[in-house]
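Down below is the structure, laid out as structure tokens.
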Ligand SMILES: Nc1nc2c(ncn2[C@@H]2O[C@H](COP(=O)(O)OP(=O)(O)OP(=O)(O)O)[C@@H](O)[C@H]2O)c(=O)[nH]1
Ligand SMILES: [Mg+2]
């Protein structure tokens, strides 16, 4: 909020592209009313719908309703006017042109929300929830995003920050009394308070992780040798014949992505080419894409098939997979082994330590259990999710939790009260990144540029 923000007049079509009954052009910034009144040729009234014709210098473009929201009582916190006309792309473009000829400029993606953030109308997590609400694909996800937009998540984060601040004050006060500092802290119950904060972090991380899964979904890759039934499994899970299935090894080459909900959890399932050495140039490319997909997945379904299947064979494949992403950035994906074609033969006894599910893509047997194992592996419970969140929020919470842990260890290990205070201050900084109290410009730029224009 300390960063400089553009103060000029911006405009954009706020309704989706294409044709519709109503199309809304939104204007925000100083002079919004003055410019809109030129287009409308009428005086606008605060927060009242005013019927008017929209005109440029030469002709009448459309008619509709103009709504003026004086600053600061608007979405962006600036002076805002909405021109609600007919939802045709040409008409709306003409209105935009007219506004630009009067000094407005086209808004960048997410610029309205960014201004709302800079003007303190929304914090960063709430602004992100606007985008998540718009893109939510299930009722549960929409409900969770509304809760975050309302501030449920930010309140929890702010509560953590406040608790840490209170402790920091006590810890820093003790620094002035070097001989008695530990006694002072003991009397103030700082260790217990720190332990409680560690637990509070754990609870919020769990909820935020649910929220993250619900909003952004899971990337799940089907990986395995040719002909084991990866494409058949994709079709069975998707409930449609999306992928070509043949008994010829090497059928799939391109990546095929299907979006589906498994027990309310949004999943992007990716079918890949069977892994093998091949002389065929196209297949080689397919295999390279399959391998690249492994590192991008949250979960890899390693598909294997009876009857030629042994426990050691499965372990070898898991080992090969692990080697693929050793050295890659980010956490390695979880692996779930799927033993397919159980209608042909009973699966061999596999080591219980290997997480696996037995299915028949052909008959559908075992698919329900596979789905619940997948859900469990993702750490997703089907209970009502409290709020939406993103991966960056979960990462920040984890980083903050690690600092609070470190401060507790420093205190218990007698490592010096200064160190305890320093760890707590770092924890606060990580938490502040969630709501945008502490932010880097490149982070803000990245977040808002992912929004669509007009938001
Ligand atoms: N009996 C039986 N056959 C199956 C099952 N799943 C797949 N198949 C058959 O196995 C063959 C290969 O299936 P695909 O789904 O194309 O296998 P894939 O792993 O995608 O193969 P590639 O794309 O070549 O890597 C086809 O003939 C399928 O009908 C199953 O559960 N039971
Ligand atoms: Mg295939």
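In the numbering used here, the protein residues as written are 141 to 595.
Backbone N, C-alpha and C fix where the C-beta goes; we use that ideal spot for every residue, glycine too.
Asked                                                                                                                    : Found
Cβ distance (whole Å) where residue 384 is taken to contact residue 371 below 8 Å                                        : 7 Å
Cβ-Cβ distance between residue 591 and residue 347 below 8 Å                                                             : no
Minimum C-alpha distance to residue 412 - residue among 150, 495, 360, 305                                               : 360
Cβ separation of residue 338 and residue 545, assumed to be a contact under 8 Å, to the nearest whole Å                  : 6 Å
Residue 552 burial status per 10 Å Cβ neighbour count (16 or more: buried)                                               : exposed
Residue 383 beta carbon near ligand 2 (any heavy atom closer than 7 Å)                                                   : yes
heavy atom of ligand 1 below 7 Å from residue 447 C-beta                                                                 : no
Cβ-based burial, residue 143 [other Cβ within 10 Å; buried from 16]                                                      : Low per-residue confidence applies at residue 143: pLDDT is 45, beneath 50, and the placement is therefore not dependable, though the value from the model is reported in the following sentence. Looking at its Cβ environment, which holds fewer than 16 other Cβ atoms inside 10 Å, residue 143 is exposed.
For residue 561, the nearest candidate out of 316, 589, 223 (CA to CA)                                                   : 316
Residue 371 CB to nearest heavy atom of ligand 1 below 7 Å                                                               : yes
Residue 151 (DSSP reduced to helix, strand or coil)                                                                      : strand
At least three beta-carbon pairs within less than 8 Å, the segment 235–249 to the segment 181–193                        : no
Between the CA atoms of residue 183 and residue 161 - distance to the nearest angstrom                                   : 25 Å
Buried versus exposed call for residue 141 [16 or more other C-beta atoms within 10 Å across all chains shown]           : Per-residue confidence for residue 141 stands at a pLDDT of 40, beneath the threshold of 50, marking its modelled position as unreliable; no derived number is given.
Bridge partners - residue 406, DSSP secondary structure assignment                                                       : 401
4-residue-minimum alpha helix (DSSP H) runs that sit fully inside the segment 257–290, ordered along the chain           : 264–274, 279–290
Nonlocal neighbours in the same chain, by C-beta distance under 7 Å from residue 147, ignoring five residues either side : 169, 170
Check: residue 506 C-beta below 7 Å from any heavy atom of ligand 1                                                      : no
First through last residue of the alpha helix (DSSP H) which encompasses residue 184                                     : Where residue 184 is concerned, there is no enclosing alpha helix (DSSP H), given that its DSSP letter is neither H nor E.
Segment contact flag, the segment 435–447 with the segment 389–405, C-beta cutoff 8 Å, min 3 pairs                       : no
Contact under 8 Å by Cβ, residue 449 with residue 478                                                                    : no
Residue range of the beta strand (DSSP E) that includes residue 474                                                      : 474–480
Short Cβ contact (8 Å threshold) for residue 163 with residue 595                                                        : no
Buried versus exposed call for residue 100 [16 or more other C-beta atoms within 10 Å across all chains shown]           : The chain is shown from 141 up to 595; residue 100 falls before or after that span and cannot be answered.
Closest Cα partner of residue 153 within the set 247, 341, 178                                                           : 247
Residue 517 to residue 559 span [Cα, whole Å]                                                                            : 37 Å
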